[in-house]
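Colleague: Sending over a structure as structure tokens; questions will come in a sec.
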Amino acid sequence: MIQTEKQAIAEVAAPLVGLAADEVAALIEYPPNPELGDLALPCFRFAKVLRKAPPAIAADLADQLAATGRFESVQATGGYVNVRVARGRVARTLISALSAHPETVFSRQSSAGDTVAIDYSAPNIAKPFGVGHLRSTVIGHALANLFRADGATVLGVNHLGDWGTQFGKVIAAYLRWGDEETVRRDPVKELFHLYVRFHAEAKDNPELDDEGRAWFKRLEDGDPEATRLWQWFIDESLKVFQAMYDRLGVSFEFTLGESFYNDKMDAVVDELRSRGLLTESDGALVVDLSEWNMPPCIILKSDGATIYPTRDLAAALYRHDVLGANRLFYVVGGEQTLHFQQVFKVLELMGRDWAANCRHVAFGMMKYNGERMSTRRGKVVYLEDVLDRAVADTRQIIEAKNPDLPDKDWVAEQVGIGAVVFNDLKNYRMHDVDFRYEDVLNFDGETGPYVQYTHARACSVLRRAASEFPSDLTTDLAPAEGPLLDSEWALVTEMGKANEVFERALAQFDPSLMARLVLDVCHAFNRFYHDAPILAAPDAQTRAFRLGLTDATRRFIAYTLGLLGLRAPEAM
Ligand code: ARG
């Protein structure tokens, strides 16, 4: 909405300064001091081409903009053109757009026609779903929502780690020490426990490793017993993962684990060979990437087994050729940066020009109460435990704050889970995330509960209005009497940024920009709420306008939370 005003300014200025309208629009700023105006166009960039001093350019542009009659006032100050927009008109346009078609406030459907495969979550079978996988899951899910809202066909893919030598070890460990009942009761923890024990005991007892290798060989050869156990581990682990996905509201178009590509590897190896890309190195077959300053990409190990990169090559070809994706994103931790650089380079060497549309979307590390976590060092935090505790703590907070709330369990679930998700999304993607329950659940901090609470507060105002002033709840808003209050306008401005922030979030593959925006909107709403009486507004017209603004805010928050993968309860 503010974007529309920027566009209008840019269209007038563009021909005069010899740039495209979009380029000019991108230069427009929000003046730090609102006294100056609502939008400002700095003219310094134009001085060289126009051979004129910036203040003179600003003065010319100001005249032209004033002549359109669209704006409340236009003023040249130094090298800036300061514009005050018709705030009432902008506010009403935004309010009615949010109530009729909230999506248009955010997206210009720039991704229409794209088919985007987004690889996210990808936990490993028989290993804990760690907090790193949580990051991938929530960032990937949010990106899927953003691209879908932008008009793309999104294919969410869960590339499960369901193949590899470790399965031989888990089978061997299970047959030695495991039992069906314990695995069924708590599959992920028990299988991981067996795996850890296997490693510990293999230190003193190296035959164990041979046993593990032998079982993996049997699995590769399709031995029925090995296959049955392996499939059972997958099924049991998936039940646990699925329960978590359900709680997080996350889903996938495709769950295709690494094993899915078993019968698609030969074709990859054959093609690499026939293109002359394979060289031998210590018995292994690799693609030499030294020309690009990268270590070789290993395709076949010396024992002839394919590995992780080979599978990712097969998977990329499948996503492009069979699933029809023209853009491929991988939401995977930063420690795999080199792996993806290698895979994308090999795709390019295989003549796939779409390799340029592949993108590794990395992210920072998750620290738990200030400590790094690693499965190997045994510092495992199980996501299901984190979610349970967040929900239980939320339940207690609700009990203390609002004991009469209906549906307490449902609300606690939405708020507790939302708290964990929002905490993960509010910082720049590449920044590390620190996880502390106190911070994550703080209703007054920059948290999911704070945003959800602000939404519930707006809903509660509207509920009261519906019983006290039903006739003031109208979408047919008359202009408010007199100028907008600063707090009203600040709220409109924040929501009016939706378009540009949404586009930036897509361009940077960073949902945190949307999380920051909704926090800014909440701050602005809470200032407005304290500053401008809504139900006790001086007259019906003002009340109707403020209720309209409140309703728009509620919709804005719910829509944005939805993009981020959170629910917006109406009371809490
Ligand atoms: N399962 C892998 C891990 O936990 C992540 C897989 C990421 N996706 C991919 N296509 N390589 O490290």
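Sequential numbering from -6 applies to the sequence shown in our numbering. Even glycine gets a Cβ: it sits at the ideal position worked out from N, Cα and C. Being a predicted model, the structure only gives us computed values, none of them experimental.
Please determine whether the Cβ atom of H332 lies at a distance below 8 Å from any heavy atom of the ligand ARG.
Modeller: yes
Colleague: Among the residues of its own chain, which have a CB less than 7 Å from the CB of E563, if the five just before and after it don't count?
Modeller: A449, C452
Colleague: Candidates A105, K360, R304, R211: which alpha carbon is nearest G250's?
Modeller: R304
Colleague: Examine the ligand ARG and report whether any of its heavy atoms sits within less than 8 Å of the Cβ of Y375.
Modeller: no
Colleague: What three-state label does DSSP hand T467 in the structure shown?
Modeller: coil
Colleague: I need the straight-line Cα distance from V514 to A33, nearest angstrom please.
Modeller: 21 Å
Colleague: Of the residues G30, G215, K162, T248, which one's Cα is nearest the Cα of R206?
Modeller: K162
Colleague: Roughly how many angstroms lie between the CA atoms of A595 and F39, to the nearest whole one?
Modeller: This structure does not reach residue 595, given that the chain is present from -6 up to 565, and the question cannot be answered.
Colleague: Quick one: Cα of E200 to Cα of F191, how far?
Modeller: 11 Å
Colleague: Buried or exposed for L540, please, with buried defined as at least 16 other CB atoms from any protein chain shown within 10 angstroms of its CB.
Modeller: buried
Colleague: Can you find a heavy atom of the ligand ARG that lies under 8 Å from the Cβ of P572?
Modeller: A question about residue 572 goes unanswered here, because the residues of the chain that appear run from -6 up to 565.
Colleague: Under 8 Å by Cβ, that's how I've got Y323 and K257 pegged, so tell me the actual separation to the nearest angstrom.
Modeller: At roughly 18 Å, the Cβ-Cβ gap does not stay under 8 Å, so Y323 and K257 are not in contact.
Colleague: Quick check: G81 and P476, are their CB atoms within less than 9 Å of each other?
Modeller: Yes, they are a contact pair.
Colleague: Between L20, V42, T(-3), which has its C-alpha nearest R63's C-alpha?
Modeller: T(-3)
Colleague: Pull up the distance between the alpha-carbon of A517 and that of D479, whole angstroms please.
Modeller: 10 Å
Colleague: How far does the alpha helix (DSSP H) with K162 in it extend, from its first residue to its last?
Modeller: 159 to 170
Colleague: Would you kindly check if the distance between the Cβ of L528 and the Cβ of E461 is under 9 Å?
Modeller: yes
Colleague: Which residues in the same chain have their Cβ closer than 7 Å to the Cβ of A135, if we skip the five residues on either side of it in sequence?
Modeller: L418, P504, L556, L557, G558
Colleague: Within 8 Å: the Cβ of G297 and any heavy atom of the ligand ARG?
Modeller: Of the heavy atoms belonging to the ligand ARG, none sits nearer than 8 Å to the Cβ of G297.
Colleague: For L153, verify whether its CB is less than 8 Å away from any heavy atom of the ligand ARG.
Modeller: yes
Colleague: Opposite C290 in the DSSP bridges: which residues?
Modeller: V280
Colleague: Over the uninterrupted alpha helix (DSSP H) stretch that includes A583, give me the two end residues.
Modeller: The chain is shown from -6 up to 565; residue 583 falls before or after that span and cannot be answered.
Colleague: Which stretch, first to last residue, makes up the beta strand (DSSP E) that contains C452?
Modeller: Looking at the DSSP string, C452 is not in any beta strand (DSSP E); the run it does join, the alpha helix (DSSP H), is 441 to 461.
Colleague: Take R429 and list the residues in its own chain whose beta-carbon comes closer than 6 Å to its own, dropping the five residues that flank it on each side.
Modeller: N362
Colleague: By Cβ distance, which residues of its chain are closer than 6 Å to Y421, with the 5 residues on each side in sequence left out?
Modeller: S505
Colleague: Compute the beta-carbon to beta-carbon distance between L331 and C351, rounded to the nearest angstrom, for a pair I have assumed lies under 8 Å.
Modeller: Actually they are not in contact, since the Cβ atoms of L331 and C351 sit about 14 Å apart, beyond 8 Å.
Colleague: Counting pairs of beta carbons, one from the stretch 104 to 116 and one from the stretch 74 to 89, are three or more of them closer than 8 Å?
Modeller: Cβ pair count under 8 Å is below three, so no.
Colleague: Rounded to the nearest angstrom, how far is the Cβ of G441 from that of G411, given a contact under 8 Å?
Modeller: 4 Å
Colleague: Taking its Cβ as the centre, do 16 or more other Cβ atoms sit within 10 Å of G30, making it buried, or is it exposed?
Modeller: buried
Colleague: Using the C-alpha atoms, what's the distance from E22 back to A1?
Modeller: Rounded to the nearest angstrom, the gap between the Cα atoms of A1 and E22 is 14 Å.
Colleague: Just mark H94 as buried or exposed, buried being the case when its beta carbon has 16 or more other beta carbons within 10 Å.
Modeller: exposed
Colleague: I'd like to confirm something about Q329: is its beta-carbon nearer than 8 Å to some heavy atom of the ligand ARG, or not?
Modeller: yes
Colleague: Taking P48 as the reference, which of L58, A69, D112 has the closest Cα?
Modeller: A69
Colleague: Ordered along the chain, which non-local residues of its own chain (more than five positions away) have a Cβ less than 7 Å from that of A318?
Modeller: The answer, listed in chain order, is T108, V109, A110, L148, R312.
Colleague: On a CA-only basis, which of S267, I164, N435, F538 is nearest E204? Give me that one, please.
Modeller: A check of alpha carbon separations from E204 across S267, I164, N435, F538 identifies I164 as the nearest.
Colleague: Helix, strand or coil: how does DSSP classify V384 here?
Modeller: helix
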